[in-house]
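What follows is a set of notes on a single structure, which appears directly below.
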Amino acid sequence: MPTIFIKKIKLRGTAIGVALLSLIVFFLLISMFMHKLPRNMSLKAFDPHRKEFPCNYEKYSETPLNEEAETWFREGLAATSFDLWPDDRDYVKAAKLWSKSAEEKHWQAMLNLASLYIQGKGVGKDTERAVSLVEEVMKMGIPRAFDFMGTLHINGTGVRQDATRAYAFWSLAAEMGSADAQAYLGERLNASRDDPARETWGNKALAYKLLECAHAQENGRAASILGLSLGLDGDQQRALNILHDGVKFGSEKSAIFLAVSFGSGDATANSREDKDRGDRYGAIADMLRLNPDLRLPNLDKVLPLPPAILPYWDGEKETLINGAKPVKATSLADIKPSPASLRQGRAHIPDGLVLPDEPQGGHLIQHLHTDATISGFWLAQLAKPYTPKQVAWNAAQVPMYYAQGESFTPPEDITKESGVLRFHYLGNPVPKLPAARHVPDWRVPQGVLREIHVPSRDLRSSGLLTAPATGIWHGEVDPAHPLAKVFNQWTRQAYVEEGQPFPDPRDRGLDISPKDIQWQWLDQANQPLPSGRKDITIRNFSPSEPASTTR
């Protein structure tokens, strides 16, 4: 009996030992796995006293985006646009759309989705999921993700709070080209002396390099910090120019400062009080606070710097914003063929024709294997879609044509187990005029872009010459240019008066010669009033009106 008892003890002891060993191995594997995660990567310590900084641009690292994923991403932006009232923003819809984009490795959608998980908007709050999404984007080499990871560490969101690692991540992100990281570190280093307790250090030389690099990338925060610092250093004219740039880049802070400067007539305003200019900057600041997505490259159309005479303004804030925001030339000739016109067989609907909002003859529903009682387009739908697969199947269906007397046959991917299939009558196609078929650019509903008519003439100019006509000009460099990804943006526009030089990118730190830039005229010149003073003239695209009659 004692012998048996001893054997049992030995066996139990062996079992416990194996269990403990397994547990230790498990935690070691977890530790090794966690150590390999980007959140725990080895980092070079942040050095606030370093002398040099490599100015890189984040556009270099941004990967091409899947076209369909980009469409979902844009739809998500539209659903949460700052141009909507807060209660009208649909974060649930955005989360679903960005999740689909994230599956296609759309890095912008992945970072936006991470923000939703952190805030619990449209999805359940899940900081671990947010961190994992950011890590996926880090693996893609996107500088903005490393900046994001720094923010997660400084706040202790989903990771252990660690200011040392936060600054190390920001330092790495800045070196990779993140304009936000460059602006933030530039602000932290732009002090007269070190004060680590307040997270500020006295390294103005490096601060200016960081801020200049971010300014070249049109970062509004960097422009406001750099402009204010230059003003304090006594370089008032450059301070004014850069703060004016800041407003173009969407910086509310820059607009507020210039509103106060011109309203009081301080040194930045050349010690001349100019209430009219101050009021305009103030109005623009209000609009930038409501919609931080706004960019105003054509600011000089509504608010040029002194000594230019200000055009007449009707006092409406929207007039200033509409005049200053980017524009896109549009015509009915740009309307793409409808998706239905590109389909084959029963699903084909000739271009220029669309199905009616309400079917002729009312709503009809028929079952599988019955004969169509009327000719027209019918939509197959599962009667009670419960599973995600059934819901997805219904959403993927398109209208199909059946002539009267034709039998409804089941699609190849439908079985008895799929559920009850019904066919809904949608009617016969009706003509739709091109004007009614026009779909605005996705940025128009967000309030960040205006569509305009194609100019009456195709006018182009080299950046070496002065502008041959007054109006909004759009600039581009050859796609093979080393800085093409940085320069060629939809916001690369400027309002230039006839006879005046085009903007020189070197003034913003971009090493691009004016001779390499091709500028295209988009018109939109301010028109004179009977008094002779120019008026802020807004001529938007209207599909139902010719270009000559729109304003």
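Position one of the sequence shown corresponds to residue 665 (the working numbering), numbered consecutively onward.
No residue lacks a Cβ here, since even glycine has one placed at the ideal position from N, Cα and C.
Measure the C-alpha to C-alpha separation of residue i and residue j and round it to an integer number of angstroms.
| i | j | result |
| --- | --- | --- |
| Gly-1127 | Ile-1136 | 14 Å |
| Thr-735 | Lys-764 | 10 Å |
| Leu-954 | Gln-1110 | 12 Å |
| Ala-1036 | Glu-739 | 37 Å |
| Phe-833 | Cys-719 | 16 Å |
| Ala-949 | Pro-1052 | 46 Å |
| Met-696 | Ala-847 | With a pLDDT of 48 at Met-696, under the threshold of 50, the predicted position of this residue should be treated as unreliable, though the coordinate-derived value follows. Between Met-696 and Ala-847, the C-alpha separation is close to 35 Å. |
| Ser-745 | Asp-754 | 9 Å |
| Asn-986 | Asn-1204 | 10 Å |
| Asn-730 | Met-804 | 14 Å |
| Leu-922 | Asp-957 | 20 Å |
| Lys-757 | Arg-1197 | 48 Å |
| Asp-1015 | Lys-1096 | 9 Å |
| Ala-933 | Gln-901 | 9 Å |
| Pro-1169 | Asp-930 | 28 Å |
| Arg-885 | Ala-827 | 22 Å |
| Gln-1191 | Asp-1199 | 6 Å |
| Leu-692 | Val-1084 | Residue confidence is low: Leu-692 scores 45 on pLDDT, short of 50, so the model does not pin down where it sits. Its coordinate-derived value is still stated next. Approximately 53 Å, taken between the alpha carbons. |
| Glu-1022 | Pro-1049 | 24 Å |
| Asn-1152 | Gly-1139 | 7 Å |
| Gln-1054 | Ser-1082 | 7 Å |
| Glu-1070 | Leu-1028 | 15 Å |
| Ser-751 | Pro-1001 | The sequence given here has Asp at residue 751, not Ser. If I take the Cα positions, the gap works out to 35 Å. |
Is it buried or exposed, residue i, if we count other Cβ atoms within 10 angstroms and call 16 or more buried?
| i | result |
| --- | --- |
| Glu-732 | exposed |
| Gln-1068 | exposed |
| Ser-1177 | exposed |
| Gly-1040 | buried |
| Gly-898 | exposed |
| Asn-819 | exposed |
| Ala-869 | exposed |
| Ala-972 | exposed |
| Gln-1157 | buried |
| Pro-860 | exposed |
| Gln-1188 | buried |
| Gly-1025 | exposed |
| Thr-994 | buried |
| Thr-1201 | buried |
| Asp-1042 | Note that residue 1042 is Trp in the sequence shown here, rather than Asp. Classification for Trp-1042: buried. |
| Ser-918 | buried |
| Lys-873 | buried |
| Val-1103 | exposed |
| Thr-727 | exposed |
| Val-1094 | exposed |
| Pro-807 | buried |
| Thr-1130 | exposed |
| Ala-1056 | exposed |
| Gln-783 | exposed |
Less than 7 Å between C-beta atoms, sequence neighbours within five positions excluded: which residues of the same chain meet that for residue i?
| i | result |
| --- | --- |
| Val-801 | Trp-771, Met-774, Leu-775, Ala-809 |
| Ala-1100 | none |
| Ile-1078 | Leu-1085 |
| Thr-864 | Arg-852, Ala-855 |
| Val-787 | Ala-759, Leu-780, Tyr-781 |
| Lys-939 | Gly-927 |
Would a C-beta distance cut-off of 9 Å place residue i and residue j closer than the cut-off?
| i | j | result |
| --- | --- | --- |
| Arg-959 | Lys-981 | no |
| Leu-952 | Ser-1005 | no |
| Ala-743 | Trp-1106 | no |
| Arg-703 | Glu-799 | yes |
| Asn-883 | Phe-913 | yes |
| Leu-1046 | Phe-1087 | no |
| Asn-854 | Ser-893 | yes |
| Ile-920 | Gly-895 | no |
| Arg-1171 | Asn-905 | Here residue 1171 turns out to be Asp, not Arg, going by the sequence shown. Cβ distance < 9 Å, so Asp-1171 and Asn-905 count as in contact. |
| His-879 | Asp-909 | yes |
| Gly-942 | Val-924 | yes |
| Val-991 | Ile-1116 | yes |
| Pro-1119 | Trp-1185 | yes |
| Pro-857 | Gly-850 | The amino acid at residue 857 is misidentified as Pro; the sequence shows Arg. It is not a contact, given that the beta carbons lie outside the stated cut-off. |
| Leu-707 | Leu-907 | no |
Is there at least one Cβ from chain C nearer than 9 Å to residue i's Cβ?
| i | result |
| --- | --- |
| Gly-1163 | Considering every chain present, this structure includes no chain C. It has just one protein chain. |
Between which residues of its own chain and residue i is the CB-CB distance below 6 Å, once the five residues before and five after are set aside?
| i | result |
| --- | --- |
| Ala-778 | Ala-794, Leu-797, Val-798 |
| His-1150 | It is Val, not His, that sits at residue 1150 in the sequence shown. Counting only Cβ-Cβ distances below 6 Å, and skipping sequence neighbours, we find Tyr-721, Lys-723. |
| Pro-1098 | Leu-996, Ile-999 |
| Gly-645 | Summary: the structure shown does not reach residue 645, with the chain confined to residues 665 through 1215, and so no result is reported for it. |
| Glu-876 | Gly-1173 |
Which residues in the same chain have their Cβ closer than 8 Å to the Cβ of residue i, if we skip the five residues on either side of it in sequence?
| i | result |
| --- | --- |
| Asp-1180 | Gly-1127, Val-1141, Asp-1142, His-1145 |
| Pro-1063 | Ala-1004, Ala-1011, Ile-1013, Leu-1019, Phe-1041, Trp-1042, Leu-1043, Leu-1090 |
| Leu-1193 | Tyr-976, Asp-1199 |
Requested in this report: With a floor of 3 residues, list each beta strand (DSSP E) that falls wholly inside the segment 842-930, ordered by position along the chain.
Outcome: 854-859, 864-866
Query - Those runs of the alpha helix (DSSP H) which lie wholly inside the segment 956-1032 and span at least 4 residues - result: 981-988
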